[in-house]
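Quick note, the sequence shown lines up with residues 11 to 416 if you use this note's numbering. No residue lacks a Cβ here, since even glycine has one placed at the ideal position from N, Cα and C.
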Amino acid sequence: MINVIGLGYIGLPTALMMASHGLEVVGTDYNTDLVDTLNSGRTTFKEDGLDELFAEALKAGIKFTTEYVRTDMYIISVPTPYDKFSKKVDPGYVVAAVKDVLKVCPPDATLVIESTVSPGTIDKHVRPVVEAWSAETGNKINLVHAPERIIPGNMVYELLHNNRTIGADDKAVGEEVKSRYASFCQGEIVVTDIRTAEMTKVVENTFRAVNIAFANELARICRHDGMDVYEIIRICNMHPRVNILQPGPGVGGHCISVDPWFLVGDYPSIAKVIDESMKTNDSQPSFVLNRIHEIMRENGITDYARVGLYGLTYKENVDDIRESPTLQLLEAQERHLAKPLKVFDPLVGKKVVESQVMDYDEFLKDTDMVVIMVKHDHIKASWDRLKGKVVLDCHNICPLEHVYHI
Ligand code: SAJ
11 MINVIGLGYI GLPTALMMAS HGLEVVGTDY NTDLVDTLNS GRTTFKEDGL DELFAEALKA
71 GIKFTTEYVR TDMYIISVPT PYDKFSKKVD PGYVVAAVKD VLKVCPPDAT LVIESTVSPG
131 TIDKHVRPVV EAWSAETGNK INLVHAPERI IPGNMVYELL HNNRTIGADD KAVGEEVKSR
191 YASFCQGEIV VTDIRTAEMT KVVENTFRAV NIAFANELAR ICRHDGMDVY EIIRICNMHP
251 RVNILQPGPG VGGHCISVDP WFLVGDYPSI AKVIDESMKT NDSQPSFVLN RIHEIMRENG
311 ITDYARVGLY GLTYKENVDD IRESPTLQLL EAQERHLAKP LKVFDPLVGK KVVESQVMDY
371 DEFLKDTDMV VIMVKHDHIK ASWDRLKGKV VLDCHNICPL EHVYHI
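Structure (structure tokens):
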């Protein structure tokens, strides 16, 4: 049996996937509301295919509880926030979960950490806890790191098809864990050591962050001299060895806007390119704010109440608002003591910021300028609604005439 600890964006789909592929799974989370919701037959966030997977897992007998279960394998997928000041990973939740597992697990159990951690975190923060337990009890436990790779918006597909990395102290244990993941994962599963697995995960997200920062910097260069950054990137990407990502209003989510900071925090005098890239991405919402001011001035719009931000989530077609560029923009605006711009997001059903409007009609009413912060399918379905308005399109998706870009 597998006990999955932490039923958030990664833990829940992983638990469901394993259960629906014949493994006996118990999902544990200390959040009673979340466990109650799951036990009442509802999922806790929106994701393509998740409800169907949930139904299959329920049929297969998955259980949800706030208790830790005595079993031979645990998967820990709890949050690993970072300290905004030191830029270092905060392993507090992982360490707490490991301590709780150690209270109930049998000897020789396998403890798989899925949460993203910076290289060395397991040796520095988890291993001492495990070794102290071993010294006290005379028992052994197997440590493994199996970082997830799935992208919100396409999680179910990617869980099935992505290649995976498993880092283990002991190759045989790594192979055993691999066989459990192979119950559902059709991709290649590489077994390596823990430190390498930790590093690859952070490096993958850093690669993407640096590439996005490059695109954002190009957008600024092109804005400065009136060039079309999208056309330039499109043409460059026709070169067989060039693949530049797209500029946008900023980088959000809990991965690409967070993980690269771990490297900056741990290697401040070495990780220069990464540091500058992260600063570029983090300042992108302020760059958009400046564009809003410029465009308002150009169009004689003086009243901020007539400008609306479309999109509050960190990217398209997800309901996740963590580190969202729109929230970053509103924060930057607040620093200038300005009244917050109104915001609408069709995927965010409850009010998370004061200036949020819950209805699209109401949002468009009395709005002269719309800033497309997120490219949800929802806005693409009705471009006519924006006709006659000034549009700042941060994603180059709007087909209307006379649209502004970043
Ligand atoms: N973004 C751009 N320009 C682009 C692509 C993305 O500005 O060309 C922005 C998005 O709008 C968003 C942010 O970057 O705000 C991140 O979005 P994303 O779709 O690139 O990635 P995430 O954070 O949803 O998921 C990433 C994925 N990592 C990689 O692609 C290397 C995913 O595979 C990881 O599992 C996930 O991080 C994670 O959990 O670490």
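Three-state secondary structure assigned by DSSP to residue i
{"i": "Asn164", "result": "coil"}
{"i": "Gln366", "result": "strand"}
{"i": "Leu273", "result": "helix"}
{"i": "Leu228", "result": "helix"}
{"i": "His303", "result": "helix"}
{"i": "Thr131", "result": "helix"}
{"i": "Gly318", "result": "strand"}
{"i": "Leu121", "result": "strand"}
{"i": "Tyr414", "result": "strand"}
{"i": "Phe217", "result": "helix"}
{"i": "Phe64", "result": "helix"}
{"i": "Thr90", "result": "coil"}
{"i": "Thr206", "result": "helix"}
{"i": "Ile311", "result": "coil"}
{"i": "Lys56", "result": "coil"}
{"i": "Ile266", "result": "coil"}
{"i": "Phe373", "result": "helix"}
{"i": "Phe297", "result": "helix"}
{"i": "Ile72", "result": "coil"}
{"i": "Lys352", "result": "strand"}
{"i": "Val212", "result": "helix"}
{"i": "Ile222", "result": "helix"}
Residue range of the unbroken alpha helix (DSSP H) whose run includes residue i
{"i": "Met27", "result": "21–30"}
{"i": "Asn247", "result": "No alpha helix (DSSP H) contains Asn247, which DSSP labels as neither H nor E."}
{"i": "Tyr191", "result": "181–191"}
{"i": "Met237", "result": "Counting along the chain, Met237 falls outside any alpha helix (DSSP H), and DSSP gives it neither H nor E."}
{"i": "Thr47", "result": "42–49"}
{"i": "Lys109", "result": "102–114"}
Run of the beta strand (DSSP E) containing residue i, from where it starts to where it stops
{"i": "Ala178", "result": "174–178"}
{"i": "Asn13", "result": "12–15"}
{"i": "Val401", "result": "400–403"}
{"i": "His155", "result": "152–155"}
{"i": "Met383", "result": "Run containing Met383: none; DSSP gives neither H nor E here."}
{"i": "Thr147", "result": "No beta strand (DSSP E) contains Thr147, which is instead part of the alpha helix (DSSP H) from 137–147."}
{"i": "Thr336", "result": "Counting along the chain, Thr336 falls outside any beta strand (DSSP E), though it belongs to the alpha helix (DSSP H) covering 335–345."}
{"i": "Thr290", "result": "Here Thr290 belongs to no beta strand (DSSP E); instead the alpha helix (DSSP H) covers 282–292."}
{"i": "Thr323", "result": "No beta strand (DSSP E) holds Thr323; DSSP gives it neither H nor E."}
Test item: CB-CB of residue i and residue j under 8 Å
{"i": "Ile331", "j": "Thr323", "result": "yes"}
{"i": "Asn215", "j": "Val261", "result": "no"}
{"i": "Leu26", "j": "Phe64", "result": "yes"}
{"i": "Ile85", "j": "Val104", "result": "no"}
{"i": "Asp118", "j": "Asn164", "result": "no"}
{"i": "Val220", "j": "Val283", "result": "yes"}
{"i": "Val122", "j": "Val212", "result": "no"}
{"i": "Phe74", "j": "Gly102", "result": "no"}
{"i": "Gly321", "j": "Thr336", "result": "yes"}
{"i": "Val166", "j": "Ile15", "result": "no"}
{"i": "Val384", "j": "Glu341", "result": "no"}
{"i": "Pro295", "j": "Leu339", "result": "yes"}
{"i": "Ile160", "j": "Leu169", "result": "yes"}
{"i": "Ser144", "j": "Gly275", "result": "no"}
{"i": "Asp82", "j": "Thr24", "result": "no"}
Sequence-distant residues of its chain with Cβ nearer than 6 Å to residue i (five each side left out)
{"i": "Ala29", "result": "Val35, Ala67, Ala70, Ile72"}
{"i": "His171", "result": "Gln196, Gly197"}
{"i": "His264", "result": "Arg332"}
{"i": "Leu48", "result": "Phe74"}
{"i": "Ala223", "result": "Ser287, Thr290, Asn291"}
{"i": "Ala281", "result": "Leu273, Val274"}
{"i": "Glu57", "result": "Met165"}
Cut-off 7 Å between Cβ atoms - residues of its own chain near residue i, not counting five sequence neighbours on either side
{"i": "Thr53", "result": "Leu60, Asp61, Phe64"}
{"i": "Val7", "result": "In the structure as shown, the chain starts at 11 and stops at 416, and residue 7 therefore has no counterpart that could be examined."}
{"i": "Glu227", "result": "Thr290"}
{"i": "Tyr314", "result": "Ala348, Lys349, Leu351"}
{"i": "His415", "result": "Asp403, Asn406"}
{"i": "Leu374", "result": "Arg395"}
{"i": "Ser50", "result": "none"}
{"i": "Glu185", "result": "Val201"}
{"i": "Asp269", "result": "Thr126, Val212, Asn215, Thr216"}
{"i": "Ser334", "result": "Gly262, Leu322, Thr323, Tyr324"}
Cβ shell of residue i (< 8 Å), same chain only, five flanking positions each side left out
{"i": "Met379", "result": "Ile302, Ile305, Met306, Asn309, Ile311, Arg316, Val317, Gly318, Lys399, Val400, Val401, Leu402"}
{"i": "Lys113", "result": "Tyr78"}
{"i": "Arg230", "result": "Phe297"}
{"i": "Ile8", "result": "This structure gives no information on residue 8, because the portion of the chain shown stretches from 11 to 416."}
Residue i Cβ short of 7 Å to the ligand NAD heavy atom set
{"i": "Val261", "result": "Of the ligands this structure carries, namely the ligand SAJ, none is the ligand NAD."}
Take every Cβ of the stretch 128–142, pair it with every Cβ of the stretch 42–52, and state whether three or more of those distances are shorter than 8 Å. Because the criterion of three Cβ pairs below 8 Å is not met, the stretch 128–142 and the stretch 42–52 do not touch.
With three or more C-beta pairs closer than 8 Å as the rule, is the stretch 160–180 touching the stretch 202–219? Touching, per the Cβ criterion.
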